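Notes for the one structure printed next.
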């Protein structure tokens, strides 16, 4: 049903650290790799080796430049996937009931056999988290790797979303954001985790940790620095003669 | 937004068709027999043709019947119900008018209201989307309803009602364009709120996620047609409202009336094209576009 649950038992989601992300796109590749051969229809590509390649991805990494009023510009890599919103507009607009939000863990999923591919859910999503697969004609989105996180056939260390498991920088964290004592909730509280486009009223579950402030370079780096200052100030001997001669020319 | 021909055809034709059904349901023109049959055939052709066109852009049209299940939350589902109910009620009314020379006026009134409700639910599909500030305004349903009523009166040959209705629709159209042009800015959403980095400085899209294009850019970031938007606005306004009103003011003549209808139809279709092509989806901000 496309009626949203009043509350969910847990709020499983991701915390993405914009300070740590190095923009390597490994999460994009591992997401595509896992999800193209597991839950639901494959993530198709069109003209993959031709002049105009295009395909379905559930996770994409943007890069932004932020120029503060004073100081240097900063480059911030920005992974973006479904935020599993509490007030998910993509669920309520669905005419067939294919889109739904699970009461047990809050994951937003698409039942592909009910999806008519009208695209209205993608229209209603401010984050661009849903993409209509061109080959299958059904809507694809992040499942939070629902086929990994409860999968007892996998070693316990792998029972987290593929993107989180892959991230070499440790910039992605997975957990229950509804439990204030969970590691992810503590991280969000500590680092001032934020919502994307809060004005849209979607109440995203996924949070983004803002980049930490940059270090500032003090005038004196350390107490030994003065001792390392160059000793000879004026060139002498042959170099001194050369300097004077060149000056006269 | 990508101006898909199927959706433009659907909203234009079915809007006009249900507008005509509204007037037929109220008994204007008071026709019966074969003349009524022709009127109803035109109305059903437009309304049903439009609805059929809307299924062309579906990924799985064979499952379209499932869209009737979620009327509790989905405007698209509600639209499906309203359309079917309006067509069934008006169909029964048409049987009375065409074959039995009976005007069941209560049935006609219900059918007329259901026809308007269908146009309203269509408009709400667009109006409900906060992600497209240009659509997320009260003027969107006002525009769909005023266009449908004006076109319906024109097709029904109700000259005395059609002229004021066309003028009202023209006024709503201008208001819609004026307010719509400022809607994205007024929504307060920009790349700063989209990334949550706005309080740190000026945010600029530095590098997109892929070198190629993708579904999101094809569907939501249509900038090609915006170049000629101003000219197209003038063309659509003249065709949809100015020319039909002038033709209606002249002494009545079937050829001129047909010309007025054709001009109005072309103008509304152009306006609908602009409705999609000029609509900015906020997801474009993530790509440094609007």
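Protein chains in written order, with our numbering: chain A, 22 to 270; chain B, -16 to 273.
Idealized CB from N, CA, C, for every residue including glycine.
In this text, all values refer to a predicted model and were calculated from it rather than measured experimentally.
When C-beta distances to chain A are compared with 8 Å, the residues of the stretch 160 to 186 of chain B below that value are 170, 171, 172, 174, 176, 177, 178, 179, 180, 183, 184, 185 and 186, in chain order.
Scanning its chain for C-beta atoms nearer than 6 Å, with the 5 sequence neighbours on each side dropped, one finds around residue 222/B the residues 246, 249 and 250, in chain order. Per DSSP, the continuous beta strand (DSSP E) segment holding residue 95/A begins and ends at 95 to 102. Residues of chain A with a Cβ closer than 8 Å to the Cβ of residue 43/B are, in chain order, 136, 137, 138, 158 and 159. By the criterion of a C-beta distance shorter than 7 Å, residue 10/B is surrounded in its chain by 86, 88 and 91, once the five residues flanking it on both sides are discounted. Where residue 267/B is concerned, the enclosing alpha helix (DSSP H) starts and stops at 266 to 269.
Listed along chain B, the residues sitting closer than 8 Å to residue 149/A by beta-carbon distance are 199, 203, 266 and 269. The alpha-carbon of residue 90/A is positioned some 20 Å away from that of residue 84/A.
Here DSSP, grouped into helix, strand and coil, assigns residue 238/B to helix.
Between residue 105/A and chain B, the shortest Cβ-Cβ separation is not below 9 Å.
With its beta carbon less than 9 Å from one in chain A, residue 114/B belongs to the interface. Remark: C-beta atoms of residue 114/B and residue 115/A do not approach each other more closely than 9 Å. When 7 Å is used as the limit between beta carbons, residue 189/B is near these residues of chain A: 84, 85, 86 and 96, in chain order. With contacts defined as CB atoms closer than 9 Å, residue 197/B and residue 92/A fail to qualify as a contacting pair. Contact annotation for residue 166/A against chain B: no contact, minimum CB-CB distance about 20 Å [criterion: below 7 Å].
Shown here for residue 215/A: same chain residues with a beta carbon closer than 7 Å to its own, the five before and five after excluded, namely 228, 229 and 231 in chain order.
Taking C-beta atoms under 8 Å as the contact rule, residue 220/B and residue 267/B fail to qualify, at a distance of about 27 Å. Secondary structure of residue 33/A (DSSP, three-state): strand.
Excluding five sequence positions before and after residue 50/B, the CB atoms of its chain that fall closer than 7 Å to its own CB belong to 59, 60 and 63, given in chain order.
The beta carbon of residue 216/A sits closer than 9 Å to some beta carbon of chain B. Per DSSP, reduced to three states, the secondary structure at residue 226/A is coil, with no helix or strand assignment.
Between residue 196/B and chain A, the shortest Cβ-Cβ separation is below 9 Å. Taken atom to atom, the span from the alpha-carbon of residue 105/B to that of residue 129/A is near 26 Å. Annotation: residue 24/B to residue 160/A spans about 37 Å, alpha carbon to alpha carbon.
Closer than 9 Å to the CB of residue 236/A there is not a single CB belonging to chain B. Considering only beta carbons, the part of the stretch 217 to 233 of chain A lying closer than 9 Å to chain B consists of 217, 218, 219, 220, 221, 222, 223, 229, 231 and 232, in chain order. Under a 10 Å Cβ-count criterion, residue 235/B is classified as exposed, with fewer than 16 other Cβ atoms of the shown protein chains found around its own Cβ. Between residue 120/B and residue 166/B, the gap from beta carbon to beta carbon is short of 9 Å.
Chain-order list of chain A residues neighbouring residue 52/B: 116, 117 and 118, by C-beta distance under 8 Å.
A contact between stretches requires three or more CB pairs, one per stretch, nearer than 8 Å, and the stretch 26 to 38 of chain B meets this requirement with the stretch -6 to 4 of chain B. The beta-bridge partner set that DSSP reports for residue 86/A consists of 96/A and 187/B. Counting along the chain, the unbroken alpha helix (DSSP H) around residue 168/A starts and ends at 167 to 170.
It is roughly 16 Å from the alpha-carbon of residue 198/A to the alpha-carbon of residue 166/A. Residue 198/B sits in a helix when the DSSP states are folded into three classes. By the CB criterion at 9 Å, residue 139/B and residue 22/B fall inside the cutoff.
When Cβ-Cβ separations below 9 Å define contact, residue 81/A makes contact with chain B.
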